[in-house]
Amino acid sequence: MSEERWKKIEDRLALEDVLNAYCAAIDSLSDMDGLLACFTEDAVLDLGGINLPRFDGHAGIRYFFTQVFEDMTHHAHFISNFTVARMDGDTATCTAYVMGMGVARDGQSVLVYVKYFLDYVRTPSGWKLSRFAESGLMPLPESLTGIHGRD
Amino acid sequence: MSEERWKKIEDRLALEDVLNAYCAAIDSLSDMDGLLACFTEDAVLDLGGINLPRFDGHAGIRYFFTQVFEDMTHHAHFISNFTVARMDGDTATCTAYVMGMGVARDGQSVLVYVKYFLDYVRTPSGWKLSRFAESGLMPLPESLTGIHGRD
Amino acid sequence: MSEERWKKIEDRLALEDVLNAYCAAIDSLSDMDGLLACFTEDAVLDLGGINLPRFDGHAGIRYFFTQVFEDMTHHAHFISNFTVARMDGDTATCTAYVMGMGVARDGQSVLVYVKYFLDYVRTPSGWKLSRFAESGLMPLPESLTGIHGRD
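Residue numbers (numbering that gives the first Met the number 0), protein chains in the order written: chain H, 0 to 150; chain L, 0 to 150; chain D, 0 to 150.
The structure is reproduced here in structure tokens:
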């Protein structure tokens, strides 16, 4: 019972840490290893909710962010309202609000206010994202598909 | 003594959860039950600090947000700097910073940077807000009263 | 062992509390005592990463913020992505994302998206900042040095 109480708190903080690590990696515009370490091998990055493609597994995620890292000069993703929506021992679903922004080499800039929907699984090396989806909280700017929508 | 340590951490996270649930509800523009569940029956929503009226109890809060839900097409409230200012067993006072934004059906948009002042009480069904007040951190836009100030 | 688990969680929350207290103090534009209480006596506030000077100790920090408090009519610093990068018993290093904004008496306004790099030490009166540095996540506006860059 005490162990359960520990787990509830430690897991919650660990789940939030993974999301912060994801942001630090994508905002570094270079740390692909750190980025992939946040995801299970077969994780799905589904950007359909913001009118962008779906990417499957480390290979797909690497493909998308290789392009992003090349295209952008600045990237920043501010997390808030982190919430554990469901926790079931070794799987969890969380949501978060995100203010995401960036500047592209071609001069375009982008600013989005979105909600993340995050499925996690507990692995021997800690919690990892198994599914990552998002949808707009505010209207999405056209520059989002202008910058990231080449596929 | 150990129980006290547990309570301090669990309560803090639970208090933050209530605020996140409040935001999720008002940003859904539909979940009135989820919204009211964040407040005690006799809670006060005092928007005087941002030049809007004060609403009393579930009836008052329902009245205000019925209008808000009708008026808005988008709503997003990003919480940060959540702080437990006072914790006293079964009551607590917290503060938080909020970036709140929305788009109204009439085309107006609004963006505010405010501070929330939150009084909570512990109830049989968990912590609930008993008083909710806010004040501007940055100058408030005229569209705030343009959109919400009909009363 | 159990004590270690407690410490890990309690320290993490306490470290975040110090940063929130720092923001509350600088955003109050008046609470110099609350601000200095966040720092060790010999703390370094190094703003070189955003093209501003470095300030040493309580005297230096007081000097800088005396000017800031005089110059500004509004100030707001929204913290997110708080991360404990290193924790070593009585010292710790954390990072956080910050959206900082303000309005100056001379009419200029400023908005920055930066990352804080925070060194802490545990003292008899709790965790305090021993080194505070920051760098831009997004391009910095010229008004930043226009408002704060007099030195």
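Virtual Cβ for every residue (Gly too), placed ideally from N, Cα, C.
Separation of F81 (chain H) and D118 (chain H) (C-alpha to C-alpha, rounded to the nearest whole angstrom) is 13 Å. For N50 (chain H), no Cβ of chain L is located within less than 7 Å of the residue's own Cβ. The C-alpha of F38 (chain H) lies about 27 Å from the C-alpha of Y112 (chain D). Against chain L, the CB of H73 (chain D) has a partner CB under 7 Å away; the residue lies at that interface.
With distances taken between CA atoms, C22 (chain D) lies nearest to D:M98 out of D:D55, D:P138, D:M98 and D:W126. With a threshold of 7 Å between beta carbons, L14 (chain L) makes no contact with chain D.
If you check the CB distance, G101 (chain H) and M71 (chain H) come in under 7 Å. Within the region 56-106 of chain D, the beta strand (DSSP E) runs of at least 3 residues that lie entirely inside it are, in chain order, 71-86 and 90-103. Taking a contact as a CB-CB distance under 8 Å, the pair V83 (chain H) and L14 (chain H) counts as one, their CB atoms being some 7 Å apart. Legend: CB atoms of the region 99-119 of chain H lying less than 7 Å from CB atoms of chain L belong to residues Y112. For the region 18-49 of chain H, the set of residues with a beta-carbon nearer than 8 Å to any beta-carbon of chain D comprises N19, A20, C22, A23 and D26, in chain order. Residues of the region 65-89 of chain H with a C-beta less than 7 Å from any C-beta of chain D: H73, A75, F77, I78 and S79, listed in chain order. Bounds of the alpha helix (DSSP H) holding D26 (chain L) are S1 to S27. Here I49 (chain L) is near E133 (chain L), since their CB atoms are less than 7 Å apart. Non-local beta-carbon contacts of N19 (chain H) in its own chain, meaning distances under 7 Å to residues more than five positions away in sequence, involve I78 in chain order.
Within chain D, the residues whose beta carbon sits less than 8 Å from that of W5 (chain H) are R4, listed in sequence order. D30 (chain D) sits in coil when the DSSP states are folded into three classes, being neither helix nor strand. DSSP places G48 (chain D) in the helix class (H, G or I) of the three-state scheme.
DSSP lists L:G125 as the beta-bridge partner residues of T122 (chain L). The Cβ atoms of L46 (chain H) and H74 (chain H) lie no closer than 7 Å to each other.
Under the 10 Å beta carbon count, D26 (chain H) is surrounded by 16 or more other beta carbons and is classified as buried. Around L110 (chain L), the same chain offers M100 and P140 as residues with beta carbons nearer than 7 Å, after the five sequence neighbours per side are excluded. Just so you know, the alpha carbons of F68 (chain H) and S1 (chain H) end up roughly 44 Å apart.
Among the residues of chain D, those whose CB is under 8 Å from the CB of I8 (chain H) are I8, following chain order. For L143 (chain H), the uninterrupted alpha helix (DSSP H) segment begins and ends at E141 to H147.
Pairing T90 (chain D) with V43 (chain D) gives a Cβ-Cβ distance that is not under 7 Å. About 6 Å separates the Cβ atoms of G148 (chain D) and L51 (chain D), confirming a contact at the 8 Å cut-off.
Distances from the alpha-carbon of A103 (chain L) to those of H:D105, H:F116 and H:P138 put H:P138 closest. Between the alpha carbons of W5 (chain H) and F54 (chain L) lies a distance of about 39 Å. Taking C-beta separations shorter than 6 Å and ignoring five residues to either side along the sequence, the partners of A24 (chain H) in its chain run D30, G33 and L34, following chain order.
Per the coordinates, the alpha-carbon of R11 (chain H) lies some 40 Å from the alpha-carbon of D105 (chain L). Less than 7 Å divides the Cβ of D41 (chain D) from the Cβ of G56 (chain D).
CA-CA distance, F131 (chain H) to F116 (chain H), rounds to 6 Å.
Contact of L143 (chain H) with chain L is not assigned, every C-beta pair being separated by 7 Å or more. Across the set H:W126, H:C93 and H:S108, the C-alpha of H:S108 shows the shortest separation from the C-alpha of T144 (chain H).
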